[in-house]
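**Student:** Dropping the structure in here first, questions after.
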Amino acid sequence: MEGVTTTVDPFSYPVQPHRRRHGPAGYPKYQQYRPWLEDEFTFRCVYCLKRMVWAPTDVWTVDHIIPQDEAKDLVCDYDNLVLACQCCNRIKSNKRVPDPCRTAYGKCLRVGADGAIIPLNKLGGRLVRDLRLNEPRFQRWRSQRMRELRALALCDPNGYEQVMGFPKDLPDLAVLKVKSNSRPEGLAESWFAKRQQDELPKIY
Ligand SMILES: [Zn+2]
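Numbered per this note's numbering, the sequence shown spans residues 1355 to 1558.
Here it is in structure tokens:
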């Protein structure tokens, strides 16, 4: 049994603050930014790292870092928006959490082998509490996912690549109608563009 030679940690939070690649502006509804945010945050919930590929039938949402009630002028501001699963979005509700573009969650949180999230500092403790990241059902889900992925990597390399790879239908941001874009150079860095250039990693 050979398995795949390269695997990645499915639950490792970024160790650098996220650098936004896109800067669309002018949509009247914040939900319209979703394809940009999917690409921006690599098709994962920024809070729990659940991947769209793992849950294609789930509802995926646009979340506001500074809650809508607190800053009406930022409701449709791209830099205030992130991609989140519906579950995290609901739990976060109108709480304020650190902006992943300013605070690297990987410096605040680590996921243990048993699926529990270990806070590394005060901010990490707040994230765990406010997003209820260590609720038993979430911990069980992470530990089960890790076991399944390890087994797949060993026994079914193609299956592993599918589960840890990019979605098949990547959004082509270049064709989206948008009023303005403060970071147009990001289009060439989109995952769709990378696939066209044959530069898309097999897994991430
Ligand atoms: Zn989530």
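Even for Gly, the Cβ is constructed at its ideal location relative to N, Cα and C.
Return the chain-ordered ranges of every beta strand (DSSP E) run that is complete within the segment 1395-1462 and spans a minimum of 3 residues.
**Tutor:** You should have 1414-1418 and 1435-1439.
**Student:** Given 7 Å as the limit, tell me if Ala1438 has its C-beta closer than that to any heavy atom belonging to ligand 1.
**Tutor:** For the purposes of this step, residue 1438 is identified with residue 84 of the sequence shown, where counting begins at 1. Yes, ligand 1 has a heavy atom inside 7 Å of this Cβ.
**Student:** Can you tell which of Cys1462, Pro1525 and Ser1536 has the C-alpha that lies nearest to the C-alpha of Trp1390?
**Tutor:** What you label residue 1390 is simply residue 36 of the sequence shown in a count that begins at 1. When each option's Cα is compared against that of Trp1390, the closest is Pro1525.
**Student:** Less than 6 Å between C-beta atoms, sequence neighbours within five positions excluded: which residues of the same chain meet that for Gly1540?
**Tutor:** Here residue 1540 corresponds to residue number 186 of the sequence shown, with the count starting at 1. Contacts found: Arg1375 and His1376.
**Student:** Give a single yes or no on whether Cys1399 has its beta carbon closer than 7 Å to a heavy atom of ligand 1.
**Tutor:** Locating residue 1399 in the sequence shown gives position 45, where the first residue counts as 1. Yes, ligand 1 has a heavy atom inside 7 Å of this Cβ.
**Student:** Within 8 Å, do at least three Cβ pairs link the segment 1501-1511 to the segment 1358-1372?
**Tutor:** Yes: the two stretches touch, three or more of their Cβ pairs being nearer than 8 Å.
**Student:** When every heavy atom of ligand 1 is checked, does at least one fall within less than 7 Å of the C-beta of Cys1462?
**Tutor:** Position 108 of the sequence shown, counted from the start, is the residue given in the question as residue 1462. Checking the Cβ of Cys1462 against ligand 1 gives no.
**Student:** So if DSSP puts Asn1535 in a beta bridge, which residue, or which two residues, is it bridged to?
**Tutor:** Translated into positions along the sequence shown, residue 1535 becomes position 181. Asn1535 pairs with Pro1378.
**Student:** For Val1436, does the count of other Cβ atoms within 10 angstroms reach 16, so buried, or fall short, so exposed?
**Tutor:** Along the sequence shown, one-based indexing puts residue 1436 at 82. Buried, by the Cβ-count rule.
**Student:** Could you tell me the alpha carbon to alpha carbon distance between Arg1491 and Ser1536, rounded to whole angstroms?
**Tutor:** Along the sequence shown, read from residue 1 onward, the residue named residue 1491 stands at position 137. Along the sequence shown, read from residue 1 onward, the residue named residue 1536 stands at position 182. Cα-Cα distance, rounded: 40 Å.
**Student:** With respect to 7 Å, is the separation between the Cβ of Cys1430 and the closest non-hydrogen atom of ligand 1 below this value?
**Tutor:** For the purposes of this step, residue 1430 is taken as the residue at position 76 of the sequence shown. Result no, Cβ not under 7 Å from ligand 1.
**Student:** Could you compute how far the alpha carbon of Ile1472 sits from the alpha carbon of Val1482?
**Tutor:** If you number the sequence shown from 1, residue 1472 lands on position 118. If you number the sequence shown from 1, residue 1482 lands on position 128. Looking at the two C-alpha atoms, the distance is approximately 8 Å.
**Student:** Please tell me whether Leu1477 and Cys1462 are closer than 8 Å, where the distance is taken between their beta carbons.
**Tutor:** Counting from one through the sequence shown, the residue named residue 1477 turns up at place 123. Counting from one through the sequence shown, the residue named residue 1462 turns up at place 108. Yes, the Cβ-Cβ distance between Leu1477 and Cys1462 is below 8 Å.
**Student:** Name the DSSP bridge partner or partners of Arg1373?
**Tutor:** Residue 1373 sits at position 19 when you count from the first residue of the sequence shown. Its beta-bridge partners do not exist; DSSP assigns none.
**Student:** With distance defined between alpha-carbon atoms, name the residue in Asp1427, Glu1392 and Tyr1384 nearest to Pro1410.
**Tutor:** One-based indexing of the sequence shown puts residue 1410 at position 56. Checking every option, the nearest Cα to that of Pro1410 belongs to Glu1392.
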